[in-house]
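Asks:
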Amino acid sequence: MLSTLLIVLFVLALIGAYRTHVYSTGGEYHPGRVLGLVIAVLVMMAFMVGFIDL
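In the numbering used here, the protein residues as written are 8 to 61.
#1: In the DSSP assignment, what residue or residues form a beta bridge with Y25?
#2: If contacts are defined as beta-carbon pairs under 8 Å, then Y25 and L13 qualify, I think. What distance do you get, rounded to the angstrom?
#3: For L21, which residues from the same chain have a beta carbon less than 8 Å from its beta carbon, with the 5 sequence-adjacent residues on both sides left out?
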């Protein structure tokens, strides 16, 4: 039950982060924002895996 909730929260956080932070004002990818998004996703995955293993 908890693992399903964490997976849903992770997917929603990933969608929100992608929609708000990847694109620059011109509509093209901004490398710094993409790198920040990748780091944020890795941190969220680490916490999610840690909580599921409990």
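Just so it is clear, CB atoms sit at the ideal spot from N, CA and C, and this is done for glycine as well.
Replies: Quick answer:
#1: If you number the sequence shown from 1, residue 25 lands on position 18. Its beta-bridge partners do not exist; DSSP assigns none.
#2: As a working note, residue 25 is residue 18 in the sequence shown. As a working note, residue 13 is residue 6 in the sequence shown. At roughly 18 Å, the Cβ-Cβ gap does not stay under 8 Å, so Y25 and L13 are not in contact.
#3: Sequence index remark: in the sequence shown, residue 21 carries index 14 (1-based). Closer than 8 Å at the Cβ level, and outside the excluded window around L21, lie V48, M51.
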